[in-house]
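**Q** Just so you know, we're using the numbering used here here: the sequence shown kicks off at 1472 and counts up by one. A virtual CB, placed ideally from N, CA and C, is assigned to each residue, including glycine. Quick one: the structure is below, and I'll ask about it shortly.
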Amino acid sequence: MSSQGNMKAIVALGDKKAGVKEVAIPKLGDDEILIRNRVVTLNPTDWKHVAFMSSPHQIIGCDFCGTVEELGPNVKSSNIKKGDRVAGFVHGGKHEDRGSFAEYIKTNSQLVAKIPDGVSDEVASSLGIGGETAVQALFHRLEIQVPDFSKGAAPVTDSSPELLVWAGSTSVGQWAVQLGRAAGYKVITTASPKNHALLKDLGAHDVFDYRDESTPETIASKYPNLSKALDCISENGTQSLVVRSIGKKGGNVVVLLKPEQDAINLRKGEVNIIHTLVYTALGHPFSYGKAEFPQSVVEADAKSMAEWLNGDAGHFHTLFSKGLITGNKIKKMDGGIEKITEGLQYLQDGKVSAEKLAYTISA
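Here you go:
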């Protein structure tokens, strides 16, 4: 098909609401591909955009898995072709022609991973915000070395370095636990006791109860050389908890929201707090609140992320093919695109724990 005609999409309506509307199928520019959507998964950023950031008519939604329908002009990737099943994310809630809660999506050719047979659409869709945030935090901000995944997971031994993933049962956390383990790290994580077995199955070396007030000091004492951490919550005091968990020699903590001054001051000069925002990996300049992300920043991050995506040439394809990652725990939701707003409310109300909500857009 050519990118003409209309499609159903979830768009911002104003007054902190979103709903299904008929909009134009996106037209393709240079290096863009059109994807027929199969499955989408939901993230907290989706409802937050509706409530606080999106303007009317902007399409909501980030994560997707779908089939390449059309290649636009001057496509850069030679690893993508029509008919490929691919996954990734777009900056939903920001544009009128680009969002995942729609029948069709457009994105850049190097920013999708080809999904091997045997991996479900739902798991593939969870690769987007969750998987790519974990990659950006671990390998781009904490500078963990990427092993040759084609040879399997890097071995974990008694002398392997440690990585702390605070809140491992979150979407980003589940990805970070798996990726950290595949990279040869002893992954230390936190969760409520009901989710400890899940995280052990995903490859966690040690799991602690995040509600236990002594957990930070217990981690720091048991793992005195711990120097790398990712805070998957990054609000309501968790940043300070993670800083307290770092070993006596200090290190680096990646946070997903604005660094908190109390956490910065807690071990200033000893523990560095690094903010990461995965939208920079899309390569398009943008503003986020009062922060500006210029071309110089996003171009470098997109180039780094392309090494993980880029059709079947990236690390995600290898990791899935080798069975080294399983993605997020999924909860399939009924009703398709018409019911996504109910899922967003379900997510906003805090009723989701250790699983990703997935909706089928087309068979």
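What residues match up with I1576 in a beta bridge as DSSP calls it?
**A** Position 105 of the sequence shown, counting from 1, holds the residue named residue 1576. For I1576, which the question treats as bridged, DSSP gives the partners I1506.
**Q** Identify which residue in E1731, Y1694, K1720 has its Cα closest to the Cα of Q1710.
**A** Mapped onto the sequence shown, residue 1710 falls at position 239. Comparing Cα positions, the closest option is E1731.
**Q** Taking all protein chains shown into account, decide if F1523 is buried (16 or more other Cβ within 10 angstroms of its Cβ) or exposed.
**A** In the sequence shown, residue 1523 corresponds to position 52, counting from 1. So F1523 ends up on the exposed side.
**Q** Using only alpha-carbon positions, find the residue among G1601, I1481, V1590, V1521 that is nearest to F1572.
**A** Translated into the one-based positions of the sequence shown, residue 1572 becomes position 101. Taking only the C-alpha atoms, the option nearest F1572 is I1481.
**Q** Compare the C-alpha of E1633 against each of K1487, K1622, V1658, G1490 and name the closest.
**A** Walking along the sequence shown from the start, residue 1633 turns up at place 162. Considering only alpha carbons, the answer is V1658.
**Q** Along the alpha helix (DSSP H) that carries D1772, what are the first and last residues, could you check?
**A** Taking the first residue of the sequence shown as 1, we reach residue 1772 at position 301. Start and end: 1766–1777.
**Q** Quick check: I1531 and G1564, are their CB atoms within less than 9 Å of each other?
**A** Within the sequence shown, residue 1531 is the residue found at index 60, counting from 1. Within the sequence shown, residue 1564 is the residue found at index 93, counting from 1. Result yes, Cβ atoms of I1531 and G1564 sit closer than 9 Å.
**Q** Whose CA, out of W1637, T1604, N1545, T1789, lies closest to the CA of D1680?
**A** Position 209 of the sequence shown, counted from the start, is the residue given in the question as residue 1680. Selected option, being the one with the closest Cα: W1637.
**Q** Is the beta carbon of R1569 closer than 9 Å to that of P1497?
**A** For the purposes of this step, residue 1497 is identified with residue 26 of the sequence shown, where counting begins at 1. For the purposes of this step, residue 1569 is identified with residue 98 of the sequence shown, where counting begins at 1. Their beta carbons are under 9 Å apart, which means P1497 touches R1569 by this criterion.
**Q** What did DSSP end up calling D1783 once you bin it into helix, strand or coil?
**A** The residue labelled residue 1783 in the question sits at position 312 within the sequence shown. Here D1783 sits in coil by DSSP.
**Q** Please determine, among A1734, C1703, G1794, the residue with the shortest C-alpha to C-alpha distance to A1825.
**A** Taking the first residue of the sequence shown as 1, we reach residue 1825 at position 354. The residue with the shortest Cα to Cα distance from A1825 is C1703.
**Q** Decide yes or no for the touch test of the region 1539–1557 against the region 1737–1744: beta carbon pairs closer than 8 Å, at least 3 of them.
**A** no
**Q** So, helix, strand or coil for K1810, using DSSP?
**A** Along the sequence shown, read from residue 1 onward, the residue named residue 1810 stands at position 339. Note: K1810 maps to helix in three-state DSSP.
**Q** I'd like to know whether the C-beta atoms of A1700 and S1685 end up nearer to each other than 9 Å.
**A** Taking the sequence shown and counting its residues from 1, the one referred to as residue 1700 is at position 229. Taking the sequence shown and counting its residues from 1, the one referred to as residue 1685 is at position 214. No, the Cβ-Cβ distance between A1700 and S1685 is not below 9 Å.
**Q** Suppose you measure from the CA of V1521 to the CA of Q1529; what does that come to, to the nearest Å?
**A** Locating residue 1521 in the sequence shown gives position 50, counting from the first residue. Locating residue 1529 in the sequence shown gives position 58, counting from the first residue. About 9 Å.
**Q** Can you tell me whether DSSP reads T1831 as helix, strand or coil?
**A** Translated into the one-based positions of the sequence shown, residue 1831 becomes position 360. It is a strand residue.
**Q** Would you please state the rounded distance, in angstroms, between the beta carbons of V1617 and A1654? I believe it to be under 8 Å.
**A** If you number the sequence shown from 1, residue 1617 lands on position 146. If you number the sequence shown from 1, residue 1654 lands on position 183. Indeed they touch by this definition, with Cβ atoms about 7 Å apart.
**Q** Taking the alpha-carbon of N1736 as reference, which of G1754, L1727, Y1750, L1712 has the nearest alpha-carbon?
**A** If you number the sequence shown from 1, residue 1736 lands on position 265. Selected option, being the one with the closest Cα: L1712.
**Q** Roughly how far, in whole angstroms, is the beta-carbon of T1747 from the beta-carbon of Q1607, given that I think they are within contact range, below 8 Å?
**A** The residue you call residue 1747 lines up with position 276 of the sequence shown. The residue you call residue 1607 lines up with position 136 of the sequence shown. Confirmed, Cβ separation roughly 5 Å.
**Q** Which two residues bound the contiguous alpha helix (DSSP H) that contains E1603?
**A** As a working mapping, residue 1603 is identified with position 132 in the sequence shown. Where E1603 is concerned, the enclosing alpha helix (DSSP H) stretches over 1603–1606.
**Q** Rounded to whole angstroms, how far is the Cβ of I1467 from the Cβ of R1612, which I believe are closer than 8 Å?
**A** This structure cannot settle anything about residue 1467, because the visible part of the chain is limited to 1472 through 1834.
**Q** DSSP state of N1550, grouped into three classes?
**A** Start at 1 with the first residue of the sequence shown, and residue 1550 comes out as number 79. Three-state DSSP puts N1550 in coil, outside helix and strand.
**Q** Tell me, to the nearest whole angstrom, how far the beta carbon of K1585 is from that of L1505; I am working on the premise that it is less than 8 Å.
**A** For the purposes of this step, residue 1585 is identified with residue 114 of the sequence shown, where counting begins at 1. For the purposes of this step, residue 1505 is identified with residue 34 of the sequence shown, where counting begins at 1. The Cβ separation is near 16 Å, so there is no contact.
**Q** Output the boundary residues of the alpha helix (DSSP H) element that contains R1569.
**A** The residue you call residue 1569 lines up with position 98 of the sequence shown. Per DSSP, R1569 lies in no alpha helix (DSSP H) and is assigned neither H nor E.
**Q** If I measure Cβ to Cβ from F1764 and keep anything under 8 Å in the same chain, skipping five residues before and after, which residues do I get?
**A** Within the sequence shown, the letter at position 293 stands for residue 1764. Excluding residues within five positions, the ones whose Cβ falls inside 8 Å are L1748, Y1750, T1751, P1756, F1757, S1758.
**Q** Give the secondary structure of L1499 by DSSP, where H, G and I count as helix, E and B as strand, and everything else as coil.
**A** Translated into the one-based positions of the sequence shown, residue 1499 becomes position 28. L1499: coil per DSSP, three-state reduction.
**Q** Taking the Cβ atom as the reference point for each residue, do S1621 and K1774 lie within a distance shorter than 9 Å?
**A** Walking along the sequence shown from the start, residue 1621 turns up at place 150. Walking along the sequence shown from the start, residue 1774 turns up at place 303. Not in contact: S1621 and K1774 (Cβ atoms no closer than 9 Å).
**Q** Please determine, among E1540, S1642, H1562, the residue with the shortest C-alpha to C-alpha distance to I1801.
**A** Here residue 1801 is taken as the residue at index 330 of the sequence shown, counted from 1. The option with the nearest alpha carbon to I1801 is S1642.
**Q** Around the Cβ of N1579, are there at least 16 other Cβ atoms within 10 angstroms (buried) or fewer (exposed)?
**A** Counting from one through the sequence shown, the residue named residue 1579 turns up at place 108. Buried, by the Cβ-count rule.
**Q** Out of A1483, W1518, L1753, R1652, which has the shortest C-alpha to C-alpha gap to L1828?
**A** The residue labelled residue 1828 in the question sits at position 357 within the sequence shown. When only C-alpha atoms are compared, the closest one is W1518.
**Q** With 16 other CB atoms within 10 Å as the buried threshold, where does G1674 fall?
**A** Position 203 of the sequence shown holds residue 1674. The residue in question, G1674, is buried, as its Cβ has 16 or more Cβ neighbours within 10 Å.
**Q** At the level of alpha carbons, what is the spacing between S1526 and K1719?
**A** Working through the sequence shown from its first residue, we reach residue 1526 at position 55. Working through the sequence shown from its first residue, we reach residue 1719 at position 248. Rounded to whole angstroms, S1526 to K1719 spans 47 Å at the Cα level.
**Q** Please return the same chain residues whose Cβ sits closer than 7 Å to the Cβ of L1780, not counting the five positions on each side in sequence.
**A** Indexing the sequence shown from 1 puts residue 1780 at position 309. Answer for L1780: G1559, Q1581, L1582, V1583, A1584, F1787, listed in chain order.
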